[in-house]
Amino acid sequence: MLPARVNQHVAIVRPNPAKLDAGFLRYFLVSPHVQSILLSWADSGSTRKAVTKQMIESFEVSAPVDVSEQRAIVHVLGTLDAKIELNRRMNESLEEMARALFKSWFVDFDPVRAKMEGRWRRGQSLPGMSAELYDLFPDGMVSSELGEIPDGWEVKALGDLIELAYGKALKADNRRDGAIPVYGSNGQVGWHDEKLVSGPGIVVGRKGNPGIVIWVDSDFFPIDTTFYVLPKGGDQIWLAPIVRPRNGENKVHPDGCGQGRSGSIAPFDA
1 MLPARVNQHV AIVRPNPAKL DAGFLRYFLV SPHVQSILLS WADSGSTRKA VTKQMIESFE
61 VSAPVDVSEQ RAIVHVLGTL DAKIELNRRM NESLEEMARA LFKSWFVDFD PVRAKMEGRW
121 RRGQSLPGMS AELYDLFPDG MVSSELGEIP DGWEVKALGD LIELAYGKAL KADNRRDGAI
181 PVYGSNGQVG WHDEKLVSGP GIVVGRKGNP GIVIWVDSDF FPIDTTFYVL PKGGDQIWLA
241 PIVRPRNGEN KVHPDGCGQG RSGSIAPFDA
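Letter by letter, the sequence shown follows residues 1 to 270 in full-length UniProt numbering.
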């Protein structure tokens with residue numbers, strides 16, 4: 001809990017510590033069930049959405065009578081939250097490392113330049129490059145329309161490599177319990193018992209959050225706010241960093257893919 005000052009549009013809830021642990025109350029109030037109730041109350045207003053002081057005071061809280069049991073529950077949930085946050089930070093660090101490695105190999109061509117300059121020889125390792133990778137990179141550069149690129153490489157339009165297919169409408173009420181993740185333009189939005197696409201694969205936001213790029217390891221169901229990528233040959237796992245831009249974001253901007261109506265992306269011509 002942090003000290004704070006609030007304006008007239010915010011309520012401070014102070015539970016009686018002898019009856020209700022503040023941490024337990026917080027988890028209770030942010031639960032999906034309680035949030036749906038509060039939102040329904042807010043929608044019932046005649047003007048703007050609001051929850052009144054009287055509404056909050058009338059809300060019934062379900063909690064163990066023993067406050068120590070409440071605190072034990074909070075400890076378990078807090079431990080899980082801390083683990084989730086740690087995993088999120090680790091994923092961010094790994095993503096940053098992957099972006100840096102991709103830039104080094106496929107934008108700056110560091111392995112090729114290291115071979116050209118004699119800084120990398122067969123049987124040697126360099127930072128981020130093991131000796132086993134030596135033969136995978138050429139030792140020269142050639143001119144192209146984009147400037148110098150490694151010898152043996154070529155420049156192609158993204159539409160020459162992939163096709164963007166539309167996802168399929170699947171309303172929440174029509175989803176059935178299952179192990180297939182459902183993806184919208186904001187990421188995973190639920191589960192279903194039937195796949196639309198055999199994974200792994202790439203999902204690209206089409207409208208709502210246009211341009212977001214998501215790599216999915218398993219079979220999945222992309223809904224109609226997204227595209228999914230159909231490669232025109234080869235393994236598409238190497239396409240994800242290419243579809244994803246080089247500006248540090250996990251998003252392709254609409255003006256880079258062909259813009260449809262405001263807030264949406266139209267498929268490019270293949």
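The beta-carbon is built from N, C-alpha and C at its ideal position, and this holds for glycine as well.
Check, Outcome
"Beta carbon of Met116 nearer than 8 angstroms to that of Gly78", "no"
"Residue interval of the alpha helix (DSSP H) (run including Met90)", "67–106"
"Which residues DSSP lists as bridging Tyr166, in chain order", "Phe227"
"Contacting residues, own chain, Cβ-Cβ under 6 angstroms from Gln8 (five flanking each side not counted)", "none"
"Within 8 angstroms, strictly: CB atoms of Leu239 and Leu161", "yes"
"Where Leu25 falls: helix, strand or coil (DSSP)", "helix"
"Three-pair Cβ contact test at 8 angstroms for the region 148–163 versus the region 124–140", "yes"
"The beta strand (DSSP E) enclosing Pro181, as first and last residue numbers", "180–184"
"Contacting residues, own chain, Cβ-Cβ under 6 angstroms from Arg14 (five flanking each side not counted)", "none"
"Those residues which DSSP pairs with Ser143 across a bridge", "Glu148"
"Asp21, buried or exposed, once every other Cβ within 10 Å from all chains shown has been counted against 16", "buried"
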